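Scroll down for the structure; my scribbles are underneath it.
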Amino acid sequence: MFVLRFLLAMLIAYFAGELVKKIKFPAIIGWLIVAMFLGEHGLNLLSPELVSTKVYQSLMVLMQILVGSMVGYKLVYRDIKDSISKVFAMGISDLVVTFAVVTGAFALILHLLGLPIIAALLFGGIAIATAPAPPVSVVEQYDCSGPLSDSVPSMTAFNSVMVNIVFFPLVSVIGAVLNESSTSVLGSLLIMILAPILLGGVIGLIAGKLVGKNTSKQQSFLIYLFTMLVIYALDNYLNWQVFTETQMMSLLAGIAGSCAFMNVVDPEKVPSLQMDLGPIHSYALMIFIVNLSIHLNPAALFDGGMLMVAYILIRALGKYLGCYLGAKISHAPKVVEKYMGVIMMPHSGVSIMFAGIAAYNLMGVYPELANLLQITISAAALIIEIISLPLAGMVYRKLGEAGKEKEKLARQEDLLPS
């Protein structure tokens, strides 16, 4: 019964994605919106009982690894070496400016509302996070290439690592101060971040070396898939049997494994591998997004209020200024300078997870503030996703980086007199 309900839910999500594509929107918007009505707040096809089963949780780990591989397989050093310094500058600037702008603004807002301003640090720590999968999925769907879209996988991968390095020590210290407890921040970070990167990186490196010049296209593809399954099996074992208190971030294992694999195989095999993996990544991303979105309550859109609006606008300002200044300092192309802040807006999934952790740390001392933070972030994440992803698609089409737009521009150039 659980299997049939799961398959029906995914079928509904798939057709919702196909429907929104008809109106030139990214499929992920359809998945996200319909998923809210597939969980406990709607049809209950994906009920709390189903999603709490070990089989379902294990399947979601595999989806995280495959979605991570969708980010990692674009991080081929020879392709991105010229932009690494620019990505680093933009990434750091994005984090610092967004954190400063959101924390400063919310310190003032919370003070005016008579609420503890220490929570402003939590709003700032959550705001810096960009959901890694949605921006990359838009690039994939529109078959984008160009200065802006080529920088997106590197930026999202960098953000995925850095936001965890910033957020978890921050929330641990605040939790320790509020609850008068102590916590091992360094140990948790090593397990959450370093362990999956090492796991994926080492296995991806070894597997990539097995693909020789004479290895066929089909064999290379199967070796890659087997590599992801090995990473998944070891990740599952370590999280269930070894790291029982602090879990490894499976997404990072997928990013590291895919990145290592693609950087050691024969360069001629990379494009065909990337093309063949497209459908697998697309279905994995759909399941991943649906799983994240089933916990969202559509009623949160109405509960967020003005604080939600303030968060959306202030975060957007911080993201845009951060990316703009980083691009300016690093002399990135003008299109990157102008639009990277827009592309880095998506916030769902990671922000909701962070909000839950932050609320847990506030609950014992400031329960009302904990609920307010969680409602605000959940509602804002929904709105940001619905606005930012179609906007990203429009940007790529406007710049001529989307596949069909590139063909159109090429045809126009062919018509020009030589």
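For reference, each letter of the sequence shown is one residue, going 12 to 429 in the numbering used here.
Glycine included, C-beta positions come from ideal geometry on N, C-alpha and C.
Bear in mind the structure is a predicted one, so any value in this text is a computation, not a measurement.
DSSP three-state call for residue i: helix, strand or coil?
| i | result |
| --- | --- |
| L284 | helix |
| F26 | helix |
| V87 | coil |
| A369 | helix |
| Q258 | coil |
| E51 | coil |
| L427 | Here L427 scores only 41 on pLDDT, less than 50, and its place in the model should not be relied on; the value that follows carries that caveat. DSSP places L427 in coil when its eight states are reduced to three. |
| M203 | helix |
| N225 | coil |
| M12 | coil |
| Y67 | helix |
| P478 | Any property of residue 478 remains undetermined from this structure, which presents the chain solely from 12 to 429. |
| G375 | coil |
| K92 | helix |
| K220 | helix |
| D277 | coil |
| T114 | helix |
| A413 | coil |
| V359 | First, the residue type needs correcting, since residue 359 is Ser and not Val in the sequence shown. Coil. |
| C155 | coil |
| A10 | This structure does not reach residue 10, given that the chain is present from 12 up to 429, and the question cannot be answered. |
| K35 | coil |
| L56 | coil |
| A421 | Because A421 carries a pLDDT of 43, less than 50, the predicted location of this residue cannot be relied on, and the following value inherits that uncertainty. Here A421 sits in helix by DSSP. |
| A140 | coil |
Can the beta-carbon of residue i be found closer than 7 Å to that of residue j?
| i | j | result |
| --- | --- | --- |
| L400 | I40 | yes |
| I305 | L22 | no |
| T255 | S199 | no |
| A5 | V301 | There is no way to answer for residue 5, as the model of the chain reaches only from 12 to 429. |
| D277 | K224 | yes |
| E379 | S160 | no |
| N372 | G186 | yes |
| K97 | S341 | yes |
| T109 | A131 | no |
| L336 | S104 | yes |
| A100 | L57 | no |
| G136 | F178 | yes |
| P158 | P357 | no |
| G79 | G265 | yes |
| A381 | S359 | no |
| I214 | G268 | yes |
| G212 | I242 | no |
Write down the C-beta distance between residue i and residue j rounded to the nearest angstrom, noting that I regard them as a contact closer than 8 Å.
| i | j | result |
| --- | --- | --- |
| I394 | I323 | 6 Å |
| I234 | A218 | 6 Å |
| P146 | V163 | 5 Å |
| S389 | I363 | 6 Å |
| Q468 | A38 | It is not possible to answer for residue 468, since the shown part of the chain is limited to 12 through 429. |
| A206 | M259 | 5 Å |
Which two residues bound the contiguous alpha helix (DSSP H) that contains residue i?
| i | result |
| --- | --- |
| N382 | 378-410 |
| S231 | 228-248 |
| S148 | 144-152 |
| P59 | 59-62 |
| W42 | 38-46 |
Under the criterion of a Cβ to heavy atom distance below 6 Å, does residue i qualify as lining the ligand NAD?
| i | result |
| --- | --- |
| S399 | Among the components modelled here there is no ligand, and therefore nothing to report on the ligand NAD. |
Please list the segments of the alpha helix (DSSP H) lying wholly inside the segment 286-357, counting only runs of 4 or more residues, in order along the chain.
-> Counting only runs of 4 or more residues that sit fully inside the segment 286-357, the alpha helix (DSSP H) segments are 311-314, 316-340, 345-354, in chain order.
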